[in-house]
Structure formats: structure tokens, C-alpha cells
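K.L.:
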Amino acid sequence: MTPTHFAFSSAFILGLTGLAFHRSHLLSALICLEAMMVSLFIALSLWTMQLNSTNFSASPLLLLAFSACEASMGLPSLVATARTHGSDQIRNLNLLQC
Amino acid sequence: MSPLMFSTLLLALGLGSTVTFSSSHWLLAWMGLEINSLAMVPLMARPHFPRAVEAATKYFLAQATAAAMILFAGMTNAWMTGQWTIEMMTHPLPLTLVTLALGLKIGLAPVHAWLPEVLQGVDLTTGLILSTWQKLAPLALLLQLPHGNSPLLIILALSSTLIGGWAGLNQTQLRKILAYSSIAHLGWMMVILQYAPSLTLLALLTYIVMTSSIFLLFKLNNTTNINALATSHTKIPVLTLFAPFILLSLGGLPPLTGFMPKWLILHELTMQGMGTLATITALTALLSLYFYLRLSYSMSLTMSPNNLLTSPLWRLRPHQPTLPLAISATSATMLLPLTPAAFLVR
């Protein structure tokens, strides 16, 4: 395992741990998701740079575009949840459990 | 929602799964999964009720996490072995990671908790899409992975059939019961995945047929909990007579379609010399059978004591098309003679 590999893996796992265990605000969950996607973007860019291949040169941009789409789906659901449930606390999302 | 927006979302829903089916590269497969789940979220939040919005948010969080984990596993595999191809994911660490992530996407048991809540929050048509079409793309990826002889799939499968049967016992809401039945059926698909992948496909096909017939039946009846099932006799008498057969087919009783995948899976497991696993899996199916029996009991074997409910109403012609329900209900009960002989003779 190279140092670069260790660096982006630990960044991703930190983001995933934050998403899984720090469940107070919906916004922090979305930020953790973004951190995961950014670490993946860095990993894919470094992979492309190491490979020096033109085939892969567009793929980091594709990843970034898709993660931006994902963020633009997360923020409206944050707004919609805040409008229907009153706040962005995750513990308010309890209508469906039984 | 405007018709243009609605048709665009439905097209994207189909496009995402198709991209995933036809890709052999992890990045493209991930992009297909993202298109698929991003198109699904607005469809779920279409009625702006608190329940629908909450279900859409929970669905989004689960699917986004699973998609990021899938891409992370692909990236780890690329950094370790230099391979982006789906069939070439041979390193055990990313293989375990991606199996768990795909399990989160379809709702396998240790990571299933989002599925009943999300299904409870959406209407029956969206629930039908969620429990049939949305399972296809992750299952296509799971089928392509080179599972060795890993115990992970067995653990996922056993806990799915167990939890799917067990947690469904306590529910009175139809959509939650259907979600737990979906978890149990996915467990049956997973238990055979590494021995005979074609049986997984057969189980998936029969599961889709049976689930769509039961969702369309509840949609026609307009019921979402067990109590409301008792009034279905006054609305649609013939279908009420037919419903126990569909439910028992979901449970897997012999002369019906649902018996076919269970029979073939148990046969194959026994032929592989895994009698204990086959026994435990067959016993957990009894748990699911209990709540299917309870549904069919309260739907058609009892009459409601209230006079107003037992007296027949003036029946109008149903507004929604009934041909899909007729086709899927017929094939959900009568397909057992079409059992492929290739599975039986070896």
C-alpha cells in the first residue's frame, strides 16, 4: 500500500465513519458524503496522472460532475426536510419507524 | 409534477439501470447507479407530504453511501491490482467491501434498515418500482463479481432470510410486510449466488412477477394496512378469492410459482453437500409463511363483523388498467409447470 493509497483510503474511511456515527444534523451527513466523494476524486486524478494515459483523463471530471449532481440532490432534500419536519436534526426523521 | 419532468425522470430511471447492465468498468457502473438513484429520489418525493420527503431523504442517504462505497472499492482494486474491470475484482478486501455496498443498495439483512421505512413512506406504484426495477442493477453487478467460496454471501443470505421473516411477524402495515418479504426473497437469491448464478436469476424473475402482482392487487384495492384488507370482499370479490394464492405463492407453497425457485435452490444446495444450510434456509421460510398466511386469512378467510362492511357495495368499473394485474397474477400462481428441466436432470 503506497502512502497515497493510505492517504485517500483514510480520508474516505473518516468520511464514512462521520456519516455513520455522527448523526445529529442532516447537513453534516451531506458534508461527510462530499468529503468521501472529494477523496475519491483525488484518488482518481492521481491514478490518471500516474498512468499518463489519455483514455482516463476525462474520468475525474465525470466523477466530479456526478458528485456535484449528488450534492444538488442532497441539498434540496435537506431543504424539503427542513420545511416538512421543522429542522434538519436527523432525530426528527421518525415518522416512518414503527 | 409536470408530464415532461415525469417522463424525463422515468427515462433516466431506465437509462441508469441500462448503463449499469451494459458496463464492464467500475466507473461506468457507478455512473449508471447514480443516474438511477438520482432519478428515483424526486419520484419518491413527488407528493410533498412529510412521509414522502422523509422516505426520499433516507433513500438518498443510503443509496449515496452505497454508491460511494462501490466506487471506493473499485478504486482500491485499481490501486492494488491495476484492474478496473468488474469481473477482475480478485482482491478479497475490495470484494468484501463491494459486496456489502451492493447489499446496502438492495437491502440485504445486516444493512437492511432503510428498506422498510422507505417503502412505508412512498405510494404503492413507487413502491413497486422500488422493490422490482431498483433491485436489477445491483443484482447484475453482484452476479458479475468473482465470488470465490466466500462465507460472506452465506452470512448475508442467512441473516436476510431470518430477519426478513422474523421482523415481518410484528407488522400490521402492508408495505412494511412487503419490504420484509423482499428482504427474505433477496436472501434466497444470495444463498445460491456462488453455486448456481442462473438460479439466482430464476428466483429474481419469479420474485418480480409475484411482487408486482401483489403490489398491483393492493393498489387496486387501495389498502395499506391489514385492517383495510377485510373490506376488499365488498370491492372486488373474485380477486379476493384469488389473493390467497398469490400470497401463498410468495410464501412458496407447492402447486404455485413461488415453489419453483425454493425447490430448485434447496435441490442445488443439497447436491452441493450443504444439507445443514439448506435445512436452516428452509426453516426460516416458515417465518415468512406465517405472515403471508395471516394476510390471506384476514383478507379472504374472514368476514368483517360490521354490517356495513359485509354488505356488497355498488361496484363500478375500476378506473385503473387491470390487464397488468391479470397477467402478473396468473403467472404468479400458474408458472410451476414451466420449471426449466435443465435444473432438474443433473
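As they're listed, the protein sequences go chains A and B.
For what it's worth, full-length UniProt numbering labels the leading residue of the first sequence as 1, then goes sequentially.
For what it's worth, full-length UniProt numbering labels the leading residue of the second sequence as 1, then goes sequentially.
Don't be surprised by glycine CBs; every beta carbon is placed ideally from N, CA and C.
Nothing here was measured: the structure is a model prediction, and the numbers come from that model.
#1: Pairs of beta-carbons, one from the region 229-241 of chain B and one from the region 280-288 of chain B, closer than 8 Å: are there three or more?
#2: Three-state secondary structure (DSSP) at B/H267?
#3: Measuring only the C-alpha atoms, how far is A/A82 from A/D88?
#4: Cα separation between B/A282 and A/T54?
#5: Contact defined as beta carbons within less than 8 Å: I believe B/P261 pairs with B/A326. What is the distance between those atoms, to the nearest angstrom?
#6: Name the DSSP beta bridge partners of B/N225, please?
#7: What's the gap between the Cα of B/Q272 and the Cα of B/F21?
#8: Does B/F60 come within less than 8 Å of chain A when only Cβ atoms are used?
#9: Helix, strand or coil for B/T231 per DSSP?
#10: Which residues bound the alpha helix (DSSP H) around B/G165?
#11: Using beta carbons (cut-off 8 Å, strictly below), is B/A228 in contact with chain A?
#12: On the DSSP bridge list, what partners appear for B/H112?
#13: Say whether chain A places a C-beta atom closer than 8 Å to the C-beta of B/G121.
#14: Mind reading off the beta-carbon distance from B/L162 to B/T99? Whole number of angstroms is fine, and I expect it under 8 Å.
#15: To be precise: take each residue of the region 65-79 of chain B, compare its Cβ to all Cβ atoms of chain A, and keep it if any distance is under 9 Å. Which residues remain?
#16: Where does the unbroken alpha helix (DSSP H) through A/C41 begin, and where does it stop?
#17: Chain B partners of A/F66, CB-CB under 7 Å?
#18: From the beta carbon of A/M73, is the nearest beta carbon of chain B less than 8 Å away?
#19: Is B/A167 close to chain A? Criterion is C-beta to C-beta, closer than 8 Å.
#20: Pick out whichever of A/A43, A/H22, A/A58, A/L75 has its Cα sitting closest to the Cα of A/S10.
#21: Please report how far the alpha carbon of B/P244 lies from the alpha carbon of B/L141, in whole angstroms.
#22: Spatial neighbours of B/V53 within its chain, please: C-beta separation below 6 Å, excluding the five flanking residues on both sides.
#23: Which of helix, strand or coil does DSSP assign to A/H85?
#24: Counting pairs of Cβ atoms below 8 Å between the region 148-162 of chain B and the region 77-85 of chain B, do you hit three or more?
#25: Buried or exposed: which applies to B/T333, given that a residue is buried once 16 or more other Cβ atoms fall within 10 Å of its Cβ?
#26: Any beta-carbon of chain B closer than 8 Å to the one on A/A80?
#27: Are there three or more Cβ pairs, one per stretch, closer than 8 Å when the region 66-79 of chain A is compared with the region 21-30 of chain A?
#28: Give me the Cβ distance between B/M1 and B/Q134, rounded to the nearest whole Å; I'm assuming they're in contact under 8 Å.
#29: So what does B/T85 bridge to, in DSSP terms?
#30: Is the region 192-200 of chain B touching the region 239-253 of chain B in the sense that three or more CB pairs, one from each, lie closer than 8 Å?
P.N.:
The short version:
#1: Judged by pairs of C-beta atoms under 8 Å, the region 229-241 of chain B does not touch the region 280-288 of chain B, as fewer than three such pairs exist.
#2: In the three-state scheme derived from DSSP, where H, G and I count as helix and E and B as strand, B/H267 is classed as helix.
#3: Going by the C-alpha atoms only, they are around 5 Å apart.
#4: One alpha carbon belongs to B/A282, the other to A/T54, and they sit about 53 Å apart.
#5: Rounded to the nearest angstrom, the Cβ distance from B/P261 to B/A326 is 23 Å, too far for a contact under 8 Å.
#6: Answer by DSSP bridge pairing, in chain order: B/Q173.
#7: In this structure, the CA atom of B/Q272 is about 29 Å from the CA atom of B/F21.
#8: Chain A, which has a Cβ nearer than 8 Å to the Cβ of B/F60, makes this yes.
#9: Three-state DSSP puts B/T231 in coil, outside helix and strand.
#10: It spans 151-166 - the alpha helix (DSSP H) in which B/G165 sits, taken as one unbroken run.
#11: Not an interface residue.
#12: Residue pairing from DSSP leaves B/H112 without any beta-bridge partner.
#13: Yes, B/G121 lies at the interface with chain A (some Cβ there is under 8 Å from its Cβ).
#14: Actually they do not touch by this definition, with Cβ atoms about 18 Å apart.
#15: Here the close residues are T65, A67, A68, M69, L71, F72, M75, T76, A78, W79.
#16: As written in the sequence, residue 41 of chain A is Phe, which differs from the Cys given in the question. Bounds of the alpha helix (DSSP H) holding A/F41 are 26-51.
#17: From the beta-carbon of A/F66, the residues of chain B found nearer than 7 Å are M31, E34.
#18: At least one CB atom of chain B sits nearer than 8 Å to the CB of A/M73.
#19: Look at B/A167: its C-beta is not under 8 Å from any C-beta on chain A.
#20: Residue A/A43 is the option with its Cα nearest to A/S10.
#21: Taking the straight line joining both Cα atoms gives about 34 Å.
#22: Correct list, in chain order: A45.
#23: Helix.
#24: With the cut-off at 8 Å, the region 148-162 of chain B and the region 77-85 of chain B do not touch.
#25: Label assigned to B/T333: buried.
#26: Taking 8 Å as the CB threshold, A/A80 lines the interface with chain B.
#27: Three or more pairs of CB atoms, one per stretch, sit closer than 8 Å, so the region 66-79 of chain A contacts the region 21-30 of chain A.
#28: Their Cβ separation, rounded to whole angstroms, is 19 Å, which puts B/M1 and B/Q134 out of contact at 8 Å.
#29: Secondary-structure assignment with DSSP links B/T85 through a beta bridge to B/H25.
#30: The region 239-253 of chain B vs the region 192-200 of chain B: no contact.
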